[in-house]
Amino acid sequence: MDPKLIRNFSIIAHIDHGKSTLADRLLEACGAVEKREMHAQHLDSMELERERGITIKAKAVTIWHVHEGVRYQLNLIDTPGHVDFNYEVQKSLQACEGALLLVDASQGVEAQSVANAYLAVEAGLAIVPVLNKIDLAHARPDEVTEEIESAIGIDATDALRVSAKTGQGVPDVLRAIIEKIPPPVCSPDDPLRALIVDAVYDEYRGIIVYLRMFDGTLRVGDKVEMLGSGKVFEAIELGRFLPKMQKSESLGAGEVGYFISNIKHLGDVKIGDTLALHKGAKVEMLPGYRPPQPMVFADFYPTNNGDFEKLRTALETLALTDASFTYEPVTSDALGFGFRCGFLGLLHMEIIQERLEREFDLDMIQTAPTVTYRIVKHGGESVDIHSAGQLPSPDHYEKLLEPIARVSILIPAEYIGPMMQIAADHRGEFIRQEYLSQTRVQLVYDLPLAEIIYDFYDKLKSATHGYGTLNYEVKGFHENELVKLRILVNNEEVDALSTICHKDQAEYRGRATIKKLRKEIARHLFEIPIQAAVGGRIIARETISALRKDVLAKCYGGDISRKRKLLEKQKEGKRRMRQVGNVDIPQKAFLAVLGDREGDDAK
Amino acid sequence: MSFAPRTNPVQRAPGLRPEPGTPLYVHVPFCVAKCTYCDFYSVAAEGQDLPGALDALLLEAERRAPPRPRTVFLGGGTPSFYSVDELARLLDGLDRWSHFRASAEEVTCECNPESLDFPKARALRELGVDRLSIGFQSLEQGILALFGRVHDAEQSFAAFHAAREAGFQRVSIDLIYGVPGQELARWEVDLERVLALRPDHVSAYQLTYEDGTPLAAQLQAGAFQRLDEDQELAFFEATRGRLADAGYEQYEVSNFSLNGQQCSHNVNYWSNGPYLGIGPSAVSKLASTRFGNARSITPWRAALAAGRFPAAWEETPEPSVRLGETWWLGLRTRRGVEPAEVLRTAGFEGSDPTLRLQESLLELGFLEQSAGRMRLTARGWPVADAVARRFLEACAEQTSPRLPRE
Chain A
11 MDPKLIRNFS IIAHIDHGKS TLADRLLEAC GAVEKREMHA QHLDSMELER
61 ERGITIKAKA VTIWHVHEGV RYQLNLIDTP GHVDFNYEVQ KSLQACEGAL
111 LLVDASQGVE AQSVANAYLA VEAGLAIVPV LNKIDLAHAR PDEVTEEIES
161 AIGIDATDAL RVSAKTGQGV PDVLRAIIEK IPPPVCSPDD PLRALIVDAV
211 YDEYRGIIVY LRMFDGTLRV GDKVEMLGSG KVFEAIELGR FLPKMQKSES
261 LGAGEVGYFI SNIKHLGDVK IGDTLALHKG AKVEMLPGYR PPQPMVFADF
311 YPTNNGDFEK LRTALETLAL TDASFTYEPV TSDALGFGFR CGFLGLLHME
361 IIQERLEREF DLDMIQTAPT VTYRIVKHGG ESVDIHSAGQ LPSPDHYEKL
411 LEPIARVSIL IPAEYIGPMM QIAADHRGEF IRQEYLSQTR VQLVYDLPLA
461 EIIYDFYDKL KSATHGYGTL NYEVKGFHEN ELVKLRILVN NEEVDALSTI
511 CHKDQAEYRG RATIKKLRKE IARHLFEIPI QAAVGGRIIA RETISALRKD
561 VLAKCYGGDI SRKRKLLEKQ KEGKRRMRQV GNVDIPQKAF LAVLGDREGD
611 DAK
Chain B
22 MSFAPRTNPV QRAPGLRPEP GTPLYVHVPF CVAKCTYCDF YSVAAEGQDL
72 PGALDALLLE AERRAPPRPR TVFLGGGTPS FYSVDELARL LDGLDRWSHF
122 RASAEEVTCE CNPESLDFPK ARALRELGVD RLSIGFQSLE QGILALFGRV
172 HDAEQSFAAF HAAREAGFQR VSIDLIYGVP GQELARWEVD LERVLALRPD
222 HVSAYQLTYE DGTPLAAQLQ AGAFQRLDED QELAFFEATR GRLADAGYEQ
272 YEVSNFSLNG QQCSHNVNYW SNGPYLGIGP SAVSKLASTR FGNARSITPW
322 RAALAAGRFP AAWEETPEPS VRLGETWWLG LRTRRGVEPA EVLRTAGFEG
372 SDPTLRLQES LLELGFLEQS AGRMRLTARG WPVADAVARR FLEACAEQTS
422 PRLPRE
């Protein structure tokens, strides 16, 4: 295959702006998929993706398209659209020479597309702006064109105007891909070099590796080495996704396709690694991907302790294709054995959780997310901590730092007032404000990441009736007046419930927490004080009164079995209880505090 | 009531034979009318085949009654509902198959005021019964009406006097208190009137809303409001306080005895001892297996007629469950438990899983220890179930699966 006839591209779009529909139209226009076998949105193969309208894993599809009598190979490399998946986007972009920037002509530019478009521009990709949903009555293409120009700084005057839904303008998109996106720069005659773009696990065939070929040719039977890991494999099968798998004897320079070698061990494949011929000429590794540091942490505990190993295997499987996701075993007095997992952001966390539940049939308890904090010790050494429990007492460190994110918020102009209030309430520092068009404004703030994951995003969505979007990037760690909020039950600290928060928020959060606990802990034989404390100072207290009357009046020979069962039923869920200071705390109580933030607004 | 503890097949029970001396319980499943709070199995007697049921009871006694029982208890239902002739047939038959008249130290018959007069009391006395338990329940007419009782207070007193006249030294009175709308002061006055009779035994029950009873349904429907916890506690404390002042020992949560006249038959239940029950719904415990007859006359009779074993369910709790159960039952009594003896009774081997709990309850003042026995303190009695749950938990944890390896 002549590399000049190859185009590798991706589509950058905000959720719901029609990326998957456009992808379907492109496949259909080229006959890759018969209309009758189309089920809507072909690329989103995971059930979850289709339900949420977002794409999680990058995938590659090869489309054969004849343009002015010449047959081209178009490789569409899928990208996720959400802010949490910048890293995935980066992976996709590295395998492309161009990108379609797909913007909903009625909704306008959204924060995430802006962020991803920046990444593409930085990566030197050709950007082809495409306005979608042009058939809608309230489409405003001129204004949105202006938004693209002011937000991203590219010339969008000849942005394509299409409707992926009706197919209007789709041929123009194909033409633009061929004419505006450059062919891959690669050398068919140089020694083999290919980038591992992605990998999926198939129960029957082992790991299926997605490759972007750079130099040389890969043939079935070739022995190849993964330069990063040093592992050697034989190419048992090669091919392309059309979107069904189609075998091929070889993959040439510039192409995108798959590689199967009966690889069973998840750890053997590193995404971003370079593939070269085993015992061939020395080649330089291709620039891989730098997995970002996870900034949001939450613990997953299997509901059944017996599922611990199953959870471990599931996490291993997920981590195979998602290097940005980390996990390590953790034990909690409250919740048993589980894993502390690191995520790029909240959505990333939700996706992982749902995949674990659906694809691996795991029933789990998930704690509320926290961020990474950093302490600077007296000697200047800094240590990152991922939970309040790890925080030593204040005399053991000099500074306590928290991650600060630069947040870019795109909203309709009428919501500026409420939005600024929300940002102020969340300890935001105003950086700048910019009108993208007459009706849309970009606000930029520096905001503690802890605030973003606490409820900032929810507040933003509700204040702007869903029209506001945000993108954030962690800028670094800043010192702040942070304290450890301790929760005491019957005068004993419950480590799992301790949190780190700003000192001004401690009292409110402490009160909210102990109120929830009070509701969930049953009365005992004795009175139970529940307290919130900062350092040695009690800032809030609730009391659970003692049981006063609890005894069956009648118990004779005919009743014993039944009444014993009644008593046993009343203690049901004991396995899900944790004892702290003689008090049985049900798992539900931990979940009420750690799991969701509902009810926090009830001041 | 449709309660059946288990639907699992009855496997062990038919092979179990009662030791000589095993206490015998006989369930007479008939009443004039069903009381609204009652969840024992009984049916209104009108139109029922009383003689036929009696035949079946005797057939079951022939097959299953223990030789020479230490105690016999005729319960129900209302055993006194049977006529003198029928009672004679029942007790003569029981004696033929068990020889209880020669062996039993205590033979109790439950009676209701409307069906206990002097001739019947005298007949019972002559037939070998030496203890009567009379269901007064309340002296308040409104409460008797709420309960669906078919007698009044006057009949209750008359029945008691008839029993005394017939020569019964041992007469127990059943009372229920803590009824919606009941005033504590009124209850105290009624209790005084009952104690003035100087019965040798009183069973005073806090009203319980048993699932499936008309009373529970009414409560659920909001027909009345249950006393709150503090009110119930006040009734409980006043009752045991008053009975103590009158010289009655609270030897079990709801049972009070004068001069040590405890009901031995019931004491055996709280020691988690063996017993054999005959009659529909009657439960037996032999070795470690507890099993119960069908909770309806028809299938129970059909099983007996066909020569089948009449049990409809059985359970053989694990030693750890038996351990918790024995603690629970034992702590209901003033006598309390001896930890080592509980282990033996339950057949539990290995270290006592309740040690830490015992310590903590001693420390918290819910248990006290004397002469090697553990018992509930005054503080512990009103929350005996909460304490029992902790024992059941502590024992159940003994068998819970281990946590996964790290």
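So the sequences go chain by chain: A and B.
Here the working numbering is used: the first residue of the first sequence is 11, the next is one more, and so on.
Here the working numbering is used: the first residue of the second sequence is 22, the next is one more, and so on.
A virtual CB, placed ideally from N, CA and C, is assigned to each residue, including glycine.
(request) Could you check if residue 245 (chain B) is buried or exposed, using at least 16 other CB atoms within 10 Å of its CB as the buried criterion? (result) Counting from 1 along the second sequence, the entry for residue 245 (chain B) is found at position 224. It counts as exposed.
(request) Less than 8 angstroms between the CB atoms is what I'm expecting for residue 561 (chain A) and residue 53 (chain B), so what's the real figure, rounded? (result) Here residue 561 (chain A) refers to the residue found at position 551 when the first sequence is read from its first residue. Here residue 53 (chain B) refers to the residue found at position 32 when the second sequence is read from its first residue. That belief does not hold up - the Cβ atoms of residue 561 (chain A) and residue 53 (chain B) are roughly 31 angstroms apart, past 8 angstroms.
(message) So for residue 391 (chain A), helix, strand or coil by DSSP?
(response) Counted from its first residue, the first sequence places residue 391 (chain A) at position 381. In the three-state reduction of the DSSP assignment, residue 391 (chain A) falls in the coil class, being assigned neither a helical nor a strand state.
(request) May I have the straight-line CA-CA distance separating residue 210 (chain B) from residue 174 (chain B), to the nearest angstrom? (result) For the purposes of this step, residue 210 (chain B) is taken as the residue at position 189 of the second sequence. For the purposes of this step, residue 174 (chain B) is taken as the residue at position 153 of the second sequence. Linking residue 210 (chain B) to residue 174 (chain B) through their CA atoms gives a straight-line distance of about 13 angstroms.
(request) State the start and end residues of the unbroken alpha helix (DSSP H) segment that holds residue 428 (chain A). (result) Taking the first sequence and counting its residues from 1, the one referred to as residue 428 (chain A) is at position 418. Looking at the DSSP string, the run of the alpha helix (DSSP H) that includes residue 428 (chain A) is 426-435.
(message) Once the 5 residues before and after residue 243 (chain A) are set aside, which same chain residues still bring their CB inside 7 angstroms of it?
(response) Here residue 243 (chain A) refers to the residue found at position 233 of the first sequence. Counting only residues of its own chain and dropping the five nearest sequence neighbours on each side, residue 243 (chain A) has a CB closer than 7 angstroms to the CB of 234, 271 and 273.
(request) To the nearest angstrom, report how far apart residue 83 (chain A) and residue 506 (chain A) are at their CA atoms. (result) Position 73 of the first sequence holds residue 83 (chain A). Position 496 of the first sequence holds residue 506 (chain A). Between residue 83 (chain A) and residue 506 (chain A), the C-alpha separation is close to 55 angstroms.
(message) Nearest by alpha-carbon distance to residue 171 (chain A): which of A:337, A:434, A:122 and A:142 is it?
(response) In the first sequence, counting from the first residue as 1, residue 171 (chain A) sits at position 161. Of A:337, A:434, A:122 and A:142, the residue nearest in Cα terms is A:142.
(request) Please specify which runs of the alpha helix (DSSP H), each continuous and at least 4 residues long, are wholly inside the stretch 39-119 of chain B, giving them in chain order. (result) Listed in chain order, the complete alpha helix (DSSP H) runs (minimum 4 residues) inside the stretch 39-119 of chain B are 71-85 and 105-119.
(message) For residue 108 (chain A), would you say it is in contact with chain B, using Cβ-to-Cβ distances shorter than 9 angstroms as the test?
(response) The residue you call residue 108 (chain A) lines up with position 98 of the first sequence. Not a single C-beta of chain B is nearer than 9 angstroms to the C-beta of residue 108 (chain A).
(message) Output needed for residue 359 (chain A): all residues of its chain with C-beta closer than 7 angstroms, excluding positions within five of it in sequence on either side, in chain order.
(response) Here residue 359 (chain A) refers to the residue found at position 349 of the first sequence. Hits under 7 angstroms: 306, 308, 353 and 379.
(request) Alpha carbon to alpha carbon, how far is residue 574 (chain A) from residue 319 (chain B)? Give it in angstroms, no decimals. (result) To locate residue 319 (chain B), count along the second sequence from 1; it is residue 298. To locate residue 574 (chain A), count along the first sequence from 1; it is residue 564. A direct Cα-to-Cα measurement between residue 319 (chain B) and residue 574 (chain A) gives close to 28 angstroms.
(request) Would you mind reading off the limits of the alpha helix (DSSP H) that contains residue 428 (chain B)? (result) Chain B is shown from 22 up to 427; residue 428 (chain B) falls before or after that span and cannot be answered.
(request) Could you tell me the distance, in whole angstroms, from the CA atom of residue 33 (chain B) to the CA atom of residue 339 (chain B)? (result) Position 12 of the second sequence holds residue 33 (chain B). Position 318 of the second sequence holds residue 339 (chain B). It is roughly 14 angstroms from the alpha-carbon of residue 33 (chain B) to the alpha-carbon of residue 339 (chain B).
(request) Starting from residue 564 (chain A), find everything on chain B with Cβ-Cβ shorter than 8 angstroms and list it in chain order. (result) Taking the first residue of the first sequence as 1, we reach residue 564 (chain A) at position 554. Per Cβ cutoff of 8 angstroms: 226, 229 and 275.
(request) Count the CB pairs spanning the stretch 71-80 of chain B and the stretch 171-188 of chain B that are closer than 8 angstroms, and state whether there are at least three. (result) Touching, no.
(request) Report the residues of the stretch 336-361 of chain B with a CB closer than 9 angstroms to any CB of chain A, ordered along the chain. (result) Cβ contacts with chain A come from 336, 338, 342, 345, 346, 349, 350 and 353.
(request) Taking residue 259 (chain B) as the query, report the chain A residues whose CB atoms sit under 7 angstroms from its CB, ordered along the chain. (result) For the purposes of this step, residue 259 (chain B) is taken as residue 238 along the second sequence, with counting starting at 1. In chain order: nothing, as chain A lies at least about 13 angstroms away.
(request) Specify the secondary structure class of residue 248 (chain B) as computed by DSSP and reduced to three states. (result) Counting from 1 along the second sequence, the entry for residue 248 (chain B) is found at position 227. It is coil, neither helix nor strand.
(message) In the DSSP assignment, the beta strand (DSSP E) including residue 230 (chain A) goes from what residue to what residue?
(response) What you label residue 230 (chain A) is simply residue 220 of the first sequence in a count that begins at 1. Counting along the chain, no beta strand (DSSP E) covers residue 230 (chain A), and no H or E run does either.
(request) List in chain order: all unbroken alpha helix (DSSP H) runs of 4+ residues lying wholly within the stretch 490-516 of chain A. (result) The stretch 490-516 of chain A is shown to contain no whole alpha helix (DSSP H) run of 4 or more residues.
(message) Just verifying my parser: in three-state terms, what is the DSSP assignment at residue 295 (chain A)?
(response) Position 285 of the first sequence holds residue 295 (chain A). Residue state, collapsed to three classes: coil.
(request) Check the Cβ of residue 409 (chain B) against every Cβ in chain A and list those closer than 7 angstroms, keeping chain order. (result) Looking up residue 409 (chain B) in the second sequence gives position 388. Chain A residues near residue 409 (chain B): 577.
(message) When you compare the stretch 385-394 of chain A with the stretch 457-474 of chain A, are there three or more beta-carbon pairs, one atom per stretch, that lie closer than 8 angstroms?
(response) By the Cβ criterion, the stretch 385-394 of chain A is not in contact with the stretch 457-474 of chain A, since fewer than three pairs of Cβ atoms, one from each stretch, lie closer than 8 angstroms.
(request) Kindly indicate if chain B contains any beta-carbon less than 9 angstroms away from that of residue 34 (chain A). (result) Here residue 34 (chain A) refers to the residue found at position 24 when the first sequence is read from its first residue. Chain B, which has no Cβ nearer than 9 angstroms to the Cβ of residue 34 (chain A), makes this no.
(message) Here's a check: name, in chain order, each residue in its chain whose Cβ is nearer than 8 angstroms to the Cβ of residue 478 (chain A), leaving out the five neighbours to either side.
(response) Your numbering for residue 478 (chain A) matches position 468 in the first sequence. Its chain contains 419, 420, 421, 422, 425, 429, 470 and 471 as the residues whose beta carbon lies nearer than 8 angstroms to that of residue 478 (chain A), once the 5 sequence neighbours on both sides are disregarded; these appear in chain order.
(request) If I'm right that residue 528 (chain A) touches residue 552 (chain A) with Cβ under 8 angstroms, what's the distance once you round it to whole angstroms? (result) The residue you call residue 528 (chain A) lines up with position 518 of the first sequence. The residue you call residue 552 (chain A) lines up with position 542 of the first sequence. Correct: roughly 4 angstroms between the Cβ atoms.
(request) May I ask which residues mark the beginning and end of the beta strand (DSSP E) holding residue 211 (chain A)? (result) Taking the first residue of the first sequence as position 1, residue 211 (chain A) is located at position 201. That run of the beta strand (DSSP E) goes 203-212.
(request) With a cut-off of 8 angstroms on the beta carbons, I'd call residue 413 (chain A) and residue 381 (chain A) a contact; round off their distance for me. (result) Translated into the one-based positions of the first sequence, residue 413 (chain A) becomes position 403. Translated into the one-based positions of the first sequence, residue 381 (chain A) becomes position 371. Here residue 413 (chain A) really is in contact with residue 381 (chain A); their C-beta atoms are around 5 angstroms apart, less than 8 angstroms.
(request) Step through the CB atoms of chain A and report whether any lies within less than 9 angstroms of the CB of residue 406 (chain B). (result) Here residue 406 (chain B) is taken as the residue at index 385 of the second sequence, counted from 1. At a cut-off of 9 angstroms between C-beta atoms, residue 406 (chain B) counts as an interface residue with respect to chain A.
(message) Counting only Cβ-Cβ distances shorter than 9 angstroms, please list the residues of the stretch 517-549 of chain A near chain B, keeping chain order.
(response) Answer in chain order: 533, 534, 535 and 536.
(message) Cβ closer than 9 angstroms: which chain B residues qualify as neighbours of residue 257 (chain A)?
(response) As a working note, residue 257 (chain A) is residue 247 in the first sequence. Close to residue 257 (chain A), with beta-carbon spacing below 9 angstroms, lies no residue of chain B; the smallest spacing is near 42 angstroms.
(request) Within the same chain, show all residues whose beta-carbon is closer than 8 angstroms to that of residue 92 (chain B), passing over the 5 residues directly before and after it, in chain order. (result) On the second sequence, position 71 is the one that residue 92 (chain B) refers to. The answer, listed in chain order, is 44, 45, 125, 126, 127, 128, 129, 285, 286 and 289.
(request) Counting only runs of 3+ residues fully inside the stretch 177-208 of chain B, write out the beta strand (DSSP E) ranges in chain order. (result) Qualifying beta strand (DSSP E) stretches, in chain order: 191-198.
(request) Check whether the Cβ atoms of residue 571 (chain A) and residue 311 (chain B) lie closer than 9 angstroms to each other. (result) Here residue 571 (chain A) refers to the residue found at position 561 of the first sequence. Here residue 311 (chain B) refers to the residue found at position 290 of the second sequence. Taking 9 angstroms as the cut-off, the beta carbon of residue 571 (chain A) is found closer than this to the beta carbon of residue 311 (chain B).
(request) Could you round the C-beta distance between residue 438 (chain A) and residue 456 (chain A) to whole angstroms and report it? I think they count as a contact, below 8 angstroms. (result) Working through the first sequence from its first residue, we reach residue 438 (chain A) at position 428. Working through the first sequence from its first residue, we reach residue 456 (chain A) at position 446. Rounded, the Cβ-Cβ distance is 7 angstroms, consistent with contact.
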